[in-house]
Each structure stands twice: as C-alpha cells, then as structure tokens.
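Protein sequences appear in the order of chains E and Z.
Numbered by the numbering used here, the letters in the first sequence go through residues 1 to 364 in order.
Numbered by the numbering used here, the letters in the second sequence go through residues 1001 to 1321 in order.
From the three backbone atoms N, C-alpha and C, an ideal C-beta is built for every residue, glycine too.
All values reported here derive from a predicted model rather than from experimental measurement.
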Amino acid sequence: MDKMPKWADVILIPLISLLLAAILSALVILAIGEDPWAALKMMVQGALGSTYGWGYTLYYATNFIFTGLAVAVAFHARMFNIGGEGQAMLGGLGVALVCLFIPWPHWTLAVIAATISAGVFGALWAAVPAYLQAKRGSHIVITTIMFNFIASAVLNYMLVNVLRPQGAMDPATAKFPAATHLPTLHELLLPLGIKFSKAAPANVSLLIALAACVLVWLLIWRTRLGYEIRAFGFSESGAKYAGISPVKITIVAMLISGALAGLMAINTTMGEAERLVLNATEGAGFIGIAVALMGRSHPFGVLLAAILFGFLYQGGAELALWTNIPREMIVVIQALVILFTGALDNMVRIPLEKLFLSLRRKEG
Amino acid sequence: MDYMTLLLILDSTVRLGTPLLLACLAGLFSERAGIFDIGLEGKMLAAAFFSGAVAAVSGSVWLGLLAGIGASLVLSALHGLASITFRGNQLISGVAVNFLAAGMTVVIAQDWFHQGGRTPSLMGGGRFTPITLPFAETLQDVPVIGPLYYHLISGHTALVYLAFACVPATWWLLYRTRFGLRLRAVGENPAAVDTAGVSVVGLRYAAVAICGILCGIAGAYLATALQAGFVKDMTAGRGYIALAALIFAKWRPWYALSATMLFGLLQAVALRYQNIDLGSFTIPVQVMDALPYILTVVILAGFVGKAIPPRAGGEPYIKER
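Printed below as a string of structure tokens:
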C-alpha cells in the first residue's frame, strides 16, 4: 500500500493538482487578454488586504466548511453526496421557520434552535436518498441530484405561495425579528479592542463551523461510529463480516452529511440575509465537493480548502468589479480543482508513485 | 380543451422533448458502455454556446452545428481521459465537466461578444428553420388528420426529425450490429470482452465520442433551433432531466423516446398553464417542475418496475497483470 510516504499523499499530490489548476486558470485569464499576475495581486489585495476583505473571505469560507464537511463525511462511507445544495436549501427553510414563528428573547437561544432546526431539515432531506440507497439500492448520486431539483421546487413553492409577506413582490420571507440578529465579527471583536470591518458579513456562525470541524474529526477518528463509517467505506464486505450493518451506516452517515449541509443556512440566512431568499445557497453545496476533494476529506484539510475557496470567491468578486474577468471565472477554477484533485488524481499519483519507487530502489 | 389546443401542446412537447431525447440517447450510449455520465448538462451547454457563437459570426447554422459538436466532443474526450485512461471517478469527472462548461461559456461569451455572457441574436441563415413536409398545406383542411399532420408532424426543424430518426438507429446499432453487442457487453462484463481480444478502452472511447456528438446536436438545437442564440445557463437542468429519463427508460432506446416525450409534455404543460386549476384545488406550477425528478426517484426506488443499470457502470476497468 505505501508506495510513497504519507506526506507526499497528503500534501504533495493536492499541491501539484492545485498548481496544475492554477496554471490552467492563468492560461484562461491570459487568453481573454488579462494579466494573470496582476489578477492574482488584485485578488490577494481584495480578499486578504483589509478586514473588509477578510470578512467576506471568512463568510464564504464558513459556508464551504459546512458543505465541505458534509461531502467529506459521506466520502468516508464511500458515498458521493451531491445533494448538499438541496439539503442546504431545506436547512434554510428550517432556519426561517424557527426565526419567523418563535419570538426569541435573545440571539443565543435563537441560534441554538436554528442550528438544530437547520440540521434536522437538512438531515431529513438526505434521509430519503439514504434510505433508498440502503434498502432499495438506488444510486445515491442520482437520487441526491433529483432531490436538489425537488428541493428547489419546494423552496420556490414555500416562498412564492406560503412565506411571502402580503404585498411583497420578490419571493422571499419577511425580515427576521431583530432579536435573532447574529453578532458579526465586528461586534464580537469590538469588546476585545480589535477593529474589524462593520460592513463584512462574517459572523458568529464561523465559530460554529470551526466547532463542526472539531466534532467531525472526533466523530470520524475517535468514536466507534466513526470507525464503523471508515471501515464501511474501506470495504463494505469487510465491514459486514465485522458485524457492521451497511443499512445503519449508510443512513447514519447520510443523515450527518445532510445535517452538516443544512447548517450552512445559519450563516447565509440567519447571519447575512436575515430572511430566506430564493437563491440563498448560491452553489455552495457544489463547492463542498471541490473542498472535500482538496481537503482529502479531513476536517483540517476541509478548513484550509474552504478558506482557499472563500479567498477565490471574494477575490473573484473583486476581479469582476475592476477588470474584464467575469465572476464565472471562479466556476472555471472550481471545475479545474475538482478535475485535477478528483477525477484526474491518478494522472499526478501514478508518475509520483513511480518516482518514489525508483528513489527507494536506489537507496536500497 | 379543444382539439387545436391539444395539438399545440403536443407540438410544444415535441419541441421541448427533442433536446431531452438527444441527450438521453447520448447518455444511453455512454452508460451502456459502462461510463456514467452526469456531464450531459455541461456538454449540451458548451455545444449550445459554440454553435450559437459560430452561427452568429459566420451566419451559417451548419457551421454552428459542427462547432457545437466539436465543443461537446472536447469535453467528452476530457471525460474519457479522466474516467477511462486515468481510471478516475466518473461521477466526479462529470461534475467537473458541468462546472467547466458553466464557467467557460460565460467567460468566453463575455470576452467575444461583451453582452453579459450571451451571443448576439441569430437571424436568417444562423438558425434552423421549420421544414414544411410535402402536402402539409393542401391536406390542412382534411378533418382531424389534416391539422394533426400540419401542426404536429410537419413544421419542425431538421434536428427534430434527426432526433426522432436517432431512436430506431440507436436500437439498430445497439441490438443488430456487432459493434452494439460489444458495446453492451463492455458495460456488463468488460473482462469478457477483453478476453475475446476486443479493446475495452477503444470501445469505451467510441461510446463516449458518440455521446459527445449527440450532446453536441442537443446543445446546438437549444441555441439555434429552439431559441435564437445562447444565453447563460440555457440548458437549465435539461441534462439532468435527460439523465432522469434514461433511468426512467431503463437504458433502452424506445423507452427513451417515451420517457423524454413524457418529460417534454410536463414541460409543455407547465409552460402553458402555470398553475392548473382542478376546481377544488390547484396544482402549483412547482409540482409540474418537480414531477420528472419525483417520478425518477419513484422508479429508482423500484416500486414501479426495477431499473437495473449496466452492471459494470461506473467501474474503471483494470486489466489484470
């Protein structure tokens, strides 16, 4: 198994894949007549050069941590949860119902209830594909794709026909009551004497996301359930032989995955928009795939990859503002990252393995 | 509902069902050869853009069609490279193809035309024009059959007739030729095909290429026949509906025709009626939008007949050493 040292597998391969994606992205930018180096400088300046930029970078990163962890947990059970988008939409619905219809005295109580509600809604949306995969053998990828579309229809219906305030034109809920307002990083850091941009949307959900990273790490590597999930992902027949129920693991792993994706809504719906809008997820569910692949399904890797994608998102917005590089350039970069770290993994891995083997032979 | 309205809805069913049919047959070739393809959406989108762009610049719809097929083939080659040569995860590769197309089409469109990610509207020779079949005008006054022939069967673009012709052609190719037998075998048991001395890699690349061509035609149809030009994200999930139809059709050509036309009908009804009033309660338009996906999940769940995918689907083939 160990054709090459662990550090090469964990660090070198993702870095080379990322480099390939970056080179191709630079070529695309060059091809549309812009300077990639200047673009990179502008992205760094725009995303990391001020607390305002950091505020946006961390806000996006919070979304991607949740969706990345969601995909990662499913990956550990060797399942591909492509339905993070739909689960996050339903999570938004859960957050909105809790915030709109229960009069909360303080945001701390509201955020606990909203977290539970978002998680439960997300998990429930993942439950049907999970059950169908476990019991009926329906392919989880196809069912979760279908559930994304069904989720968007459900959300559309709820916003247009049920939750829209009377007289309002756009399909969105009413604004949440002021008591549910989540403190932003500005408000959190002010008592500590640190000045942080007032306008940036990063908020207390970032801390929930970081906690989720730790909890997922504990779950996967420090609990019996996590061991069972990894064993199942490694070899289904082996796990079965060891007395692990495939039905249970499939369903439980997908429920956790769905709940994590649903939690994203605390950040977007409760933290930023403070009402539920139609396109609250903005594709973050899909970016979770790229984040989990790049982070090698490890919570710490997911955290780093999420911050990188947060940087790309905020930097890309700056580019779209100041240059002729459209916002969709981020989608291209995202595609290249998925391509190289996911689908073309062997293209980097096989030559590297050969290289390390020949090096070892020379030593031996 | 009178006869004329029915004909108009069916006519719109054919129009909306055609891209689904082409994409569904595309997926059929790929998946029957054991290569899952959730990148149908992306290939259609890339084809739609390049056909729209080339048709707008050159003024020739046929050049546009070729460009669309070419763009789709490039993405097919990428998918083949990742999933056949480098034995990567076919689903992840498909996701990458979809995002690549979604991003690149807008980036290039903005660079070439500066119209916010769209191509200029196509006029004259830049579009496929409806073909009036012989005697359609003269037979128009014959009761029942005349309007049926005039409104439903005649008056579509060449690509519609091509798509319908692809159904028997696909059936014949898959079930009546040596190539088809081998292609189906490679999706069920590639080791057996390999033992017989036939190249698994070659067959799978051929299947992926056919998939690319059909997706290319589907995309070109969207931009040059159904609408006049490319707009951002114009496939609007059609690739996924085609995927759903493929499962609905249990990976068979004639079933694919009925499944895609059923989903086309749902789209046509949703487009015409918005909310359907049934007296005591109304069916909201969102239900019509979601129905193809709900039906597919029901089929996948195996409650209404079981959909069994090709056995070697999604598995990269590793020759034993």
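Proximal residues to residue i (C-beta, below 7 angstroms), its chain only, five neighbours per side dropped
| i | result |
| --- | --- |
| threonine 1005 (chain Z) | none |
| isoleucine 1033 (chain Z) | The amino acid occupying residue 1033 (chain Z) in the given sequence is alanine; isoleucine does not appear at that position. These residues qualify, in order along the chain: Leu1183, Val1186, Gly1187, Leu1203, Arg1204 and Ala1207. |
Expected contact under 8 angstroms - CB spacing of residue i and residue j to nearest Å
| i | j | result |
| --- | --- | --- |
| alanine 202 (chain E) | threonine 67 (chain E) | That pair is no contact at about 17 angstroms. |
| leucine 129 (chain E) | threonine 144 (chain E) | Note on residue identity: the sequence assigns proline, not leucine, to residue 129 (chain E). Proline 129 (chain E) to threonine 144 (chain E), Cβ: 5 angstroms. Contact. |
| alanine 1055 (chain Z) | glycine 1126 (chain Z) | 4 angstroms |
| valine 1106 (chain Z) | leucine 1078 (chain Z) | Their Cβ separation, rounded to whole angstroms, is 19 angstroms, which puts valine 1106 (chain Z) and leucine 1078 (chain Z) out of contact at 8 angstroms. |
| leucine 276 (chain E) | leucine 159 (chain E) | 7 angstroms |
| alanine 174 (chain E) | leucine 100 (chain E) | 7 angstroms |
| methionine 1104 (chain Z) | threonine 1235 (chain Z) | About 14 angstroms; that fails the 8 angstroms criterion. |
| glycine 55 (chain E) | alanine 200 (chain E) | 2 angstroms |
| serine 257 (chain E) | valine 73 (chain E) | 5 angstroms |
| alanine 114 (chain E) | isoleucine 266 (chain E) | 6 angstroms |
| arginine 1272 (chain Z) | isoleucine 1009 (chain Z) | 6 angstroms |
| phenylalanine 232 (chain E) | alanine 77 (chain E) | 5 angstroms |
Whether residue i touches residue j by CB criterion (8 angstroms)
| i | j | result |
| --- | --- | --- |
| phenylalanine 311 (chain E) | threonine 62 (chain E) | no |
| alanine 118 (chain E) | glycine 94 (chain E) | yes |
| phenylalanine 1248 (chain Z) | isoleucine 1308 (chain Z) | no |
| leucine 1265 (chain Z) | threonine 1018 (chain Z) | no |
| tyrosine 1240 (chain Z) | phenylalanine 147 (chain E) | no |
| tyrosine 1149 (chain Z) | leucine 1139 (chain Z) | yes |
| cysteine 1166 (chain Z) | leucine 1025 (chain Z) | yes |
| alanine 343 (chain E) | alanine 1071 (chain Z) | no |
| isoleucine 29 (chain E) | alanine 39 (chain E) | yes |
| alanine 1046 (chain Z) | alanine 1101 (chain Z) | yes |
| proline 326 (chain E) | glycine 1117 (chain Z) | yes |
| isoleucine 1328 (chain Z) | isoleucine 1069 (chain Z) | This structure cannot settle anything about residue 1328 (chain Z), because the visible part of chain Z is limited to 1001 through 1321. |
| tyrosine 213 (chain E) | proline 105 (chain E) | Reading off the sequence shown, one finds cysteine at residue 213 (chain E), where the question assumed tyrosine. No, Cβ-Cβ distance for cysteine 213 (chain E) and proline 105 (chain E) is not below 8 angstroms. |
| alanine 110 (chain E) | threonine 180 (chain E) | yes |
| valine 302 (chain E) | isoleucine 16 (chain E) | no |
| leucine 1133 (chain Z) | serine 1154 (chain Z) | yes |
| leucine 24 (chain E) | leucine 319 (chain E) | no |
| leucine 1243 (chain Z) | leucine 1040 (chain Z) | yes |
| alanine 96 (chain E) | leucine 163 (chain E) | yes |
| glycine 1052 (chain Z) | leucine 1122 (chain Z) | yes |
| methionine 79 (chain E) | alanine 253 (chain E) | yes |
Spatial neighbours of residue i in its chain, beta-carbon cut-off 6 angstroms, leaving aside the 5 residues before and after
| i | result |
| --- | --- |
| alanine 280 (chain E) | Gly92, Thr268 and Thr269 |
| alanine 47 (chain E) | Gly53, Thr57, Phe311, Gln314 and Gly315 |
| alanine 134 (chain E) | Val247, Thr250 and Ile251 |
| proline 1253 (chain Z) | Val1167, Thr1170 and Trp1171 |
| threonine 1260 (chain Z) | Gly1017, Leu1020, Leu1021, Cys1024 and Ala1245 |
| histidine 139 (chain E) | none |
| threonine 51 (chain E) | Phe196 and Ser197 |
| leucine 155 (chain E) | Met89 |
| methionine 1 (chain E) | Here the model assigns methionine 1 (chain E) a pLDDT of 47, short of 50, so the residue's position is not dependable and the matter cannot be decided. |
Neighbouring residues, chain E, relative to residue i (Cβ below 7 angstroms)
| i | result |
| --- | --- |
| glutamine 1140 (chain Z) | Those do not exist, as glutamine 1140 (chain Z) stays about 40 angstroms from chain E at its closest Cβ, beyond 7 angstroms. |
| leucine 1091 (chain Z) | Phe80 and Val141 |
| isoleucine 1247 (chain Z) | Ile142 |
| glutamine 1110 (chain Z) | Pro326 |
| leucine 1266 (chain Z) | Chain E residues near leucine 1266 (chain Z): none, gap ~12 angstroms exceeds 7 angstroms. |
Cutoff 8 angstroms; reference residue i; Cβ partners in own chain excluding five residues on either side
| i | result |
| --- | --- |
| alanine 8 (chain E) | Leu352 and Phe356 |
| threonine 1157 (chain Z) | Phe1128, Thr1129, Pro1130, Ile1131, Tyr1221 and Ala1225 |
| glutamate 1137 (chain Z) | Tyr1150 |
| isoleucine 338 (chain E) | Ile289, Ala290 and Leu293 |
| valine 1193 (chain Z) | Arg1182, Ala1185, Val1186, Val1200 and Leu1203 |
Contact set between residue i and chain Z, taken where Cβ atoms lie within less than 8 angstroms
| i | result |
| --- | --- |
| methionine 42 (chain E) | What methionine 42 (chain E) touches in chain Z: nothing, since even the nearest Cβ is about 17 angstroms away. |
| asparagine 81 (chain E) | Within 8 angstroms Cβ-Cβ: nothing; asparagine 81 (chain E) doesn't reach chain Z, min ~11 angstroms. |
| isoleucine 150 (chain E) | Ala1290, Tyr1293, Ile1294 and Val1297 |
| leucine 132 (chain E) | Val1297, Leu1300 and Ala1301 |
| isoleucine 372 (chain E) | Absent from the model: residue 372 (chain E). The displayed extent of chain E is 1 to 364, so no value can be given. |
Within chain E, the residues that residue i reaches when beta carbons sit closer than 9 angstroms
| i | result |
| --- | --- |
| methionine 1104 (chain Z) | Val28, Glu328, Val331, Val332 and Ala335 |
| valine 1200 (chain Z) | Going along chain E, no residue has its Cβ under 9 angstroms from valine 1200 (chain Z), so there is no contact; the nearest lies around 17 angstroms. |
| leucine 1025 (chain Z) | Residues of chain E passing the Cβ test: none, with the nearest at roughly 18 angstroms. |
Within chain Z, partners of residue i - CB distance below 7 angstroms
| i | result |
| --- | --- |
| aspartate 345 (chain E) | Gly1088 |
| methionine 146 (chain E) | Ala1244, Tyr1293, Thr1296 and Val1297 |
| asparagine 279 (chain E) | Per Cβ cutoff of 7 angstroms: no residues; asparagine 279 (chain E) is ~12 angstroms from chain Z at best. |
| alanine 153 (chain E) | Gln1286, Asp1289 and Ala1290 |
| arginine 136 (chain E) | Ala1301 and Gly1302 |
Closer than 8 angstroms at the beta carbon, the chain E residues around residue i
| i | result |
| --- | --- |
| valine 1107 (chain Z) | Val28, Ile32, Ile325, Pro326, Glu328, Met329 and Val332 |
Contained alpha helix (DSSP H) runs [length at least 4] in the region 1146 to 1203 of chain Z, N- to C-terminal order: Listed in chain order, the alpha helix (DSSP H) elements of length 4 or more contained wholly in the region 1146 to 1203 of chain Z are 1158 to 1176, 1178 to 1188 and 1190 to 1195.
Can you list the alpha helix (DSSP H) stretches of 4 or more residues lying completely in the region 109 to 173 of chain E, in chain order? 140 to 157
Secondary structure, alpha helix (DSSP H): runs of 4+ residues fully inside the region 263 to 349 of chain E: 284 to 294, 299 to 322 and 329 to 338
Return the chain-ordered ranges of every alpha helix (DSSP H) run that is complete within the region 39 to 112 of chain E and spans a minimum of 4 residues. 51 to 76 and 84 to 101
Whole alpha helix (DSSP H) runs in the region 1048 to 1099 of chain Z with 4 or more residues, listed along the chain? 1061 to 1080
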